[in-house]
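Structure first, then comments.
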Amino acid sequence: MYRYDEFDHDFVQARVAEFSDQVARRLAGEITEDQFRPLRLMNGVYLQLHAYMLRIAVPYGTLNSKQLRMLGHIARKYDKGYGHFTTRQNIQFNWPALSDIPAILADLASVEMHAIQTSGN
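Numbering (the working numbering), first residue to last: 91 to 211.
Now the structure itself:
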């Protein structure tokens with residue numbers, strides 16, 4: 091199982107803060123969807139026809155019990171109560187509100203998870 095070190099913790103926390111600011115700018119209309127696209131894709135966020143979708147990394151396809159509980163919490167609080175595993179061993183949530191995604195990323199960081207570079211684009 092992959093273990094976070096101090097660099098990983100600092101990097102993920104900085105990325106969460108940075109993306110939170112980018113989401114706020116998008117919601118305020120300060121940047122367009124075209125300008126926001128590369129920023130959200132770097133953070134595992136896709137825009138589908140019906141909603142945003144968040145893809146979460148699962149390094150080596152392994153999760154511990156804290157991570158599993160957090161995924162359940164995220165599914166209940168921010169989605170429709172479920173997510174699904176992809177063929178690339180990631181987890182997707184298909185219904186999060188864009189305004190909730192920074193909080194989701196912070197929750198993930200608290201259990202050593204992230205959505206960085208989960209985009210296939």
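Using N, Cα and C, we set each Cβ at its ideal position, and we do this for glycine too.
For Pro192, the closest C-alpha among the options Gly119, Gln157, Ile146 is that of Ile146.
Bounds of the alpha helix (DSSP H) holding Leu198 are 191-199. Note that the C-beta distance between Val102 and His174 is not below 8 Å.
Rounded to whole angstroms, the gap between the alpha carbons of Leu158 and Ala187 is 21 Å. The closest CA to that of Asn154, considering only Val201, Glu96, Asp197, is found on Val201. Taking C-beta atoms as the reference points, Gln179 and Gly162 fail to come closer than 8 Å.
Here the alpha carbons of Phe126 and Met132 stand approximately 10 Å from one another. Within the DSSP bridge table, the entry for His174 names Gln182 as partners. Excluding five sequence positions before and after Ala196, the CB atoms of its chain that fall closer than 6 Å to its own CB belong to Val106, given in chain order.
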